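Report on the following structure.
Dropping the structure here:
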């Protein structure tokens, strides 16, 4: 049921997607690095704001990680924070500088399916 009040610009209705960036479904092998630990993972989706990978590491929730894949064009990987994690997947929020964001933008533009 929709709210009887008109939506406020920029504020999504309940149940609407609240993401700021378009997500792209992908299937890529990646490495997630946290401190001295790392794990092989599968990238499920990615946007300028973050990514979802599997499997998850609940003990990494709230921690800073690096998402590594040679395809991003960023040798040091993408800096992120683990927003949510369970045994199945992790949801990452990127913490990117402008140069890294530009490289990720190029990756997304070149990887996006044609309409």
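In the numbering used here, the protein residues as written are 407 to 521.
Yeah, the Cβ is synthetic: ideal placement off N, Cα and C, and Gly gets one too.
All values derive from a computational prediction rather than experimental measurement.
Span of the beta strand (DSSP E), counted from its first residue to its last, around residue 467
Element bounds for residue 467: n/a, residue is neither H nor E.
When burial is assigned at 16 or more other CB atoms within 10 Å of the CB, is residue 463 buried or exposed?
buried
Cutting at 8 Å between CB atoms, please list the residues of its own chain near residue 495, excluding the five before and the five after it.
450, 458, 459, 460, 461 and 462
Suppose contacts are defined by Cβ-Cβ distances below 7 Å. Is residue 472 in contact with residue 432 by that definition?
no
Spatial neighbours of residue 480 within its chain, please: C-beta separation below 8 Å, excluding the five flanking residues on both sides.
506, 509 and 510
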